[in-house]
Amino acid sequence: MATLIPAYGSCKPRMTNGERKLAERLEQKLEDDYLLWWDVPIGPKQTRPDFVVLHPRRGALILETKDWHLNTIHSATRERFDILDSNTHQIKTVINPLAQAHHCAIQVVNALQRDPQLLQPDGPHKGKLCFPWGHGVVFTRITRKQFEQAGLDAAIPSHLVICQDEMYESVDPHTLQARLWAMFPHEFARGSLSEEQLARVRWILFPELRIPQQGELFTHTEAPAYAGQEDEALPDIMRVMDLQQEQLARSLGHGHRVIHGVAGSGKTMILGYRAEYLAQTLAPDSKPILVLCYNEPLAVQLSATMRAKGISAQQVQCIHWDKWTRSQLVAHRQPLPPPPPQTPLDQLFQEYTRRLIDAVAQGRIPGGQYHAILIDEGHDFAPEWLQLLSHMVDPGTESLLLLYDDAQSIYRRGQRLGFSLKSAGIQAQGRTTVLKINYRNTKQILQLAHRMAGNLLRAQDAPDEDHIPLVAPISCGREGPAPIVIDLPTLPERAAKIAELLADQHAQGHAWSDMAVLCRNWDAMDVCSYALKRKGLPHSVRKRAGDFKPEADTIKVMTMHASKGLEWPVVAVLSSEGKAKDKEELEMEAKLSYVAATRSCNLIIKS
Numbered sequence: 004m005a006t007l008i009p010a011y012g013s014c015k016p017r018m019t020n021g022e023r024k025l026a027e028r029l030e031q032k033l034e035d036d037y038l039l040w041w042d043v044p045i046g047p048k049q050t051r052p053d054f055v056v057l058h059p060r061r062g063a064l065i066l067e068t069k070d071w072h073l074n075t076i077h078s079a080t081r082e083r084f085d086i087l088d089s090n091t092h093q094i095k096t097v098i099n100p101l102a103q104a105h106h107c108a109i110q111v112v113n114a115l116q117r118d119p120q121l122l123q124p125d126g127p128h129k130g131k132l133c134f135p136w137g138h139g140v141v142f143t144r145i146t147r148k149q150f151e152q153a154g155l156d157a158a159i160p161s162h163l164v165i166c167q168d169e170m171y172e173s174v175d176p177h178t179l180q181a182r183l184w185a186m187f188p189h190e191f192a193r194g195s196l197s198e199e200q201l202a203r204v205r206w207i208l209f210p211e212l213r214i215p216q217q218g219e220l221f222t223h224t225e226a227p228a229y230a231g232q233e234d235e236a237l238p239d240i241m242r243v244m245d246l247q248q249e250q251l252a253r254s255l256g257h258g259h260r261v262i263h264g265v266a267g268s269g270k271t272m273i274l275g276y277r278a279e280y281l282a283q284t285l286a287p288d289s290k291p292i293l294v295l296c297y298n299e300p301l302a303v304q305l306s307a308t309m310r311a312k313g314i315s316a317q318q319v320q321c322i323h324w325d326k327w328t329r330s331q332l333v334a335h336r337q338p339l340p341p342p343p344p345q346t347p348l349d350q351l352f353q354e355y356t357r358r359l360i361d362a363v364a365q366g367r368i369p370g371g372q373y374h375a376i377l378i379d380e381g382h383d384f385a386p387e388w389l390q391l392l393s394h395m396v397d398p399g400t401e402s403l404l405l406l407y408d409d410a411q412s413i414y415r416r417g418q419r420l421g422f423s424l425k426s427a428g429i430q431a432q433g434r435t436t437v438l439k440i441n442y443r444n445t446k447q448i449l450q451l452a453h454r455m456a457g458n459l460l461r462a463q464d465a466p467d468e469d470h471i472p473l474v475a476p477i478s479c480g481r482e483g484p485a486p487i488v489i490d491l492p493t494l495p496e497r498a499a500k501i502a503e504l505l506a507d508q509h510a511q512g513h514a515w516s517d518m519a520v521l522c523r524n525w526d527a528m529d530v531c532s533y534a535l536k537r538k539g540l541p542h543s544v545r546k547r548a549g550d551f552k553p554e555a556d557t558i559k560v561m562t563m564h565a566s567k568g569l570e571w572p573v574v575a576v577l578s579s580e581g582k583a584k585d586k587e588e589l590e591m592e593a594k595l596s597y598v599a600a601t602r603s604c605n606l607i608i609k610s
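Going by our numbering, the sequence shown opens with residue 4, and the numbers climb by one from there.
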């Protein structure tokens with residue numbers, strides 16, 4: 004069965020009758036290694052062909068689908084069709100659908116031919132794409148006999164058309180496939196596209212799927228199309244969402260949605276794609292989109308990502324929980340609790356939440372303020388917080404996305420596996436997805452993270468999809484250098500060794516902003532900062548809101564708690580002295596170590 008992107012269930016309501024039938028046939032009658040995209044922008048001009056069919060050995064096809072009856076067509080040439088407009092009942096002239104498909108195909112080919120790794124290295128087709136490509140038309144309401152008797156083959160060559168009776172459910176799969184591959188103008192000796200080449204094809208055709216390399220985010224703006232990028236050098240390594248992530252990201256519709264994903268599975272990347280997509284669909288007078296998380300540094304990072312993509316704060320607001328609760332009270336002129344020292348700092352934030360919940364319940368602060376709400380690191384949220392947020396989404400969209408990983412729940416809010424999503428106001432039955440594969444970390448880093456977490460990563464199934472499972476991560480198999488473990492007796496010695504190793508990483512080509520040092524507490528951060536300063540290494544210490552500047556070319560020093568949701572190519576984990584007192588503290592320390600270890604993409608330095 005072929006992979007259709009978006010998933011059929013999510014795009015079926017938006018398809019024409021003919022498109023639905025063709026999507027069903029292609030899914031059912033093509034093998035597992037076929038990829039299908041429906042109504043997805045592609046190429047330099049981001050045109051939207053009806054279907055793109057890609058096979059690693061066969062090549063690529065662009066298909067235009069027409070639901071015209073035979074009596075809809077009054078005349079046809081190779082350039083144009085005169086058809087009866089079903090709305091005005093007048094004759095109108097449209098471009099020949101084959102010319103439409105050819106226009107899209109040429110743009111795709113020109114874009115792909117910029118990449119030397121996708122070209123034939125020698126032979127009669129040297130310098131051309133290393134796989135065949137073609138285009139064609141599907142008439143979903145015209146039979147082959149009608150097509151020929153009407154003389155439509157004078158406007159579109161017969162072999163470039165699939166007709167209604169050639170896509171019936173009873174049609175043999177090989178017969179349908181033969182019709183598809185007859186659309187190629189030529190064939191040539193070829194092997195199969197490698198996984199890397201397939202990734203390069205998707206990177207070029209679908210810019211929104213690109214995973215930026217560390218530091219790229221702040222060096223240029225990622226344009227959604229190709230304007231002004233034709234002359235830019237293509238990178239040697241092109242990282243994109245995997246197919247499951249892409250299908251999920253493109254298939255998210257309105258209503259409540261939940262994604263249970265392990266660390267490094269791309270949850271935040273999917274959230275970013277969703278926020279960007281929703282922002283592009285907003286009308287000028289629409290309510291904003293709220294992206295919410297608990298950690299302030301993650302909110303800063305998400306906000307920087309949106310701004311780098313040209314998305315304004317009026318469209319997408321990225322904010323952390325404590326700041327959002329206070330801003331709601333201020334915006335609606337609700338009394339604030341007395342500031343410290345009258346109210347202790349830890350109680351102050353709890354009071355913001357309590358007062359906001361009460362004000363919404365009593366109607367003093369309105370619900371339905373947001374077109375959509377996207378919650379990252381949802382395991383940090385108490386059930387009553389989720390209940391509140393479910394009331395803050397516009398009831399006309401009910402668009403709420405919750406990203407969750409119970410293995411990373413490092414705050415004691417009593418929301419472990421014992422509560423149901425429904426009880427917290429999340430109505431996502433039938434709309435939950437589990438992501439088990441960790442793509443961020445190398446196999447070596449993930450193995451170390453497993454050892455640090457101990458038994459905490461044993462999968463725990465939920466009784467039903469309304470409850471929260473504990474998902475055990477699976478490595479994608481990416482290899483990397485073995486983590487460096489420092490075994491020195493004192494904290495200052497370990498911090499000094501970390502500074503030495505980070506200086507070496509910089510000498511090997513890593514920018515300072517590629518690195519982070521994650522500590523258990525502020526005392527360890529101070530020791531580490533002193534060691535980095537003695538070594539002359541540029542660094543910034545994040546202790547309070549506003550301290551984290553992701554665009555600065557400095558080593559980031561922060562607590563393990565504050566690092567959650569972030570990532571760097573090189574991470575040092577600086578342990579502190581002290582023993583956990585009981586089982587609960589042991590579990591929390593193990594979770595913190597797991598969170599810290601999984602922040603690294605390539606190399607972790609563990610002391």
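The beta carbon of each residue, even a glycine, is placed where N, CA and C say it ideally should be. Please read all numbers here as calculations on a predicted model, not as lab measurements.
DSSP-derived helix/strand/coil call for residue i
{"i": "residue 71", "result": "coil"}
{"i": "residue 26", "result": "helix"}
{"i": "residue 594", "result": "helix"}
{"i": "residue 330", "result": "helix"}
{"i": "residue 220", "result": "With a pLDDT of 42 at residue 220, under the threshold of 50, the modelled position of that residue is not reliable, and the figure given next carries that caveat. Residue 220 falls in the helix class under three-state DSSP."}
{"i": "residue 180", "result": "helix"}
{"i": "residue 228", "result": "Here residue 228 scores only 39 on pLDDT, less than 50, and its place in the model is too uncertain to base an answer on."}
{"i": "residue 77", "result": "strand"}
{"i": "residue 269", "result": "coil"}
{"i": "residue 171", "result": "coil"}
{"i": "residue 32", "result": "helix"}
{"i": "residue 202", "result": "helix"}
{"i": "residue 17", "result": "helix"}
{"i": "residue 195", "result": "coil"}
{"i": "residue 357", "result": "helix"}
{"i": "residue 604", "result": "strand"}
{"i": "residue 142", "result": "strand"}
{"i": "residue 284", "result": "helix"}
{"i": "residue 314", "result": "coil"}
{"i": "residue 275", "result": "helix"}
Whole-Å CB distance - residue i paired with residue j, under 8 Å assumed
{"i": "residue 323", "j": "residue 296", "result": "6 Å"}
{"i": "residue 558", "j": "residue 518", "result": "5 Å"}
{"i": "residue 165", "j": "residue 71", "result": "Contact flag wrong, Cβ pair sits at about 14 Å."}
{"i": "residue 351", "j": "residue 344", "result": "Not quite, the Cβ-Cβ distance comes to about 10 Å (not below 8 Å), so this is no contact."}
{"i": "residue 494", "j": "residue 530", "result": "5 Å"}
{"i": "residue 34", "j": "residue 79", "result": "At roughly 34 Å, the Cβ-Cβ gap does not stay under 8 Å, so residue 34 and residue 79 are not in contact."}
{"i": "residue 601", "j": "residue 452", "result": "5 Å"}
{"i": "residue 271", "j": "residue 568", "result": "6 Å"}
Residues that residue i bridges to, as DSSP identifies them
{"i": "residue 501", "result": "Paired residues: none, contrary to the question."}
{"i": "residue 83", "result": "98"}
{"i": "residue 259", "result": "403"}
{"i": "residue 542", "result": "558"}
{"i": "residue 63", "result": "57, 136"}
{"i": "residue 319", "result": "292"}
{"i": "residue 307", "result": "In DSSP, residue 307 forms no bridge with anything."}
{"i": "residue 440", "result": "477"}
{"i": "residue 518", "result": "573"}
{"i": "residue 377", "result": "294, 404"}
{"i": "residue 40", "result": "8, 55"}
Residues near residue i in its chain [Cβ-Cβ closer than 6 Å; skip 5 each side]
{"i": "residue 22", "result": "68"}
{"i": "residue 476", "result": "265, 441"}
{"i": "residue 223", "result": "Residue placement at residue 223 is poorly supported in this model, since its pLDDT is 36, which falls under 50; the coordinates still yield a value, given next. Counting only Cβ-Cβ distances below 6 Å, and skipping sequence neighbours, we find nothing."}
{"i": "residue 42", "result": "51"}
{"i": "residue 62", "result": "134, 135, 136"}
{"i": "residue 541", "result": "515, 557"}
{"i": "residue 484", "result": "606"}
Same chain, Cβ closer than 8 Å to residue i, five either side skipped, listed in chain order
{"i": "residue 317", "result": "291"}
{"i": "residue 3", "result": "Absent from the model: residue 3. The displayed extent of the chain is 4 to 610, so no value can be given."}
{"i": "residue 572", "result": "217, 513, 517, 518, 603, 604, 605, 606"}
Check: residue i C-beta below 8 Å from any heavy atom of the ligand NAP
{"i": "residue 448", "result": "Annotation note on the ligand NAP: not contained in the displayed structure, which lists no ligands."}
9 Å Cβ cutoff, residue i in contact with chain B
{"i": "residue 433", "result": "In the structure shown, chain B cannot be found, because there is only a single protein chain."}
Residues near residue i by beta carbon distance below 7 Å, same chain, minus five either side
{"i": "residue 205", "result": "212, 243"}
{"i": "residue 181", "result": "none"}
{"i": "residue 363", "result": "370, 391, 394"}
{"i": "residue 36", "result": "58, 59"}
- Item | Three-pair Cβ contact test at 8 Å for the stretch 543 to 552 versus the stretch 582 to 601 | no
- Item | contact_flag[the stretch 80 to 99, the stretch 166 to 186] where n(CB pairs < 8 Å) is 3 or more | no
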